[in-house]
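According to numbering that gives the first Met the number 0, the sequence shown holds residues 0 to 205 in order.
Glycine included, every Cβ here is placed at the ideal spot set by N, Cα and C.
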Amino acid sequence: MEGESTAVNITETPKERKGKAPLLAPPSSSTIKPIVQKAPKGGYKRGLAVFDVVLRLAGIGAALGAAIAMGSTDQTLPFFTQFFQFKAQFDDLPAFTFFVIANAITAAYLALSIPISIVCIIRPQLVAPRVLLIFLDIVMVALTTSAAGGAASIVYLAHNGNSDANWPAICQQFNDFCQEISGAVVASFLAVVVLMCLIVLSAFSL
């Protein structure tokens, strides 16, 4: 018949729809991996280890300078005869003798600890050397602080005296002696500050 359409409707069955897949499937979230650039391991630890060596060298200079300054302190008042003279030496007081020995030990320790610190530069991931340095640094802080504190009390008495104990100030007569021992005490306290900074650095490295 002429009026009827000859078009044929083709319908897809559910099975046929199931079998067809889209040409461009969206990538699944599991296959997308973020690109993260990893920083080199131990970079900041190596930097802290280098700074540790620098501080140890500074501590050697402070402790050794304190020991030498105190150990070489000697003044004789010039206005007396050779048979009757007033003389001031560091070994006249046990606190100053202990001060020299303690600062010499601290300087020697810091020199001997530099190879261990260099190992931490080469192998920054090692834990045992850092733990050893923290322990020994704490011991040296205690030793140096006690020596500097004891010497500081004697320096204070030398400058100001103590009227209650009838101890006169001697720095008006022994001016050079007092200046040298005061400088030695200041250098020793600088060594204490360096040692405390070393402990903090080792703690950050761990």
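When DSSP states are grouped into helix, strand and coil, N161 belongs to the strand group.
With contacts defined by Cβ atoms closer than 8 Å, A157 and C170 form a contacting pair. Between the C-alpha atoms of C196 and L125 there is a straight-line separation of about 20 Å. At a Cβ-Cβ threshold of 8 Å, S116 and A48 count as neighbours.
Just so you know, the alpha carbons of S181 and T72 end up roughly 11 Å apart.
In the three-state reduction of the DSSP assignment, Q178 falls in the helix class, which pools H, G and I. Looking from the CA of M69, the closest CA among L54, A94 and G46 belongs to A94. Taking a cut-off of 8 Å on C-beta distances, the stretch 140-148 does not touch the stretch 158-167, as fewer than three cross pairs fall below it. One Cα belongs to I100, the other to S145, and the distance between them is close to 12 Å. When C-alpha distances from V184 are compared across Q172, N102 and R55, the shortest belongs to N102. A straight-line Cα-Cα distance of about 15 Å links G64 and F97. A distance below 8 Å separates the beta carbons of I198 and D136. Between I120 and S201, the C-beta spacing is not below 8 Å. Boundaries of the alpha helix (DSSP H) harbouring L111: P93 to I121, taken from the DSSP string. The alpha-carbon separation between F89 and F50 amounts to approximately 35 Å. In the DSSP assignment, L205 falls outside any alpha helix (DSSP H), carrying neither H nor E. Between V193 and L54, the CB-CB gap stays under 8 Å. The beta-bridge partner set that DSSP reports for D73 consists of Q88.
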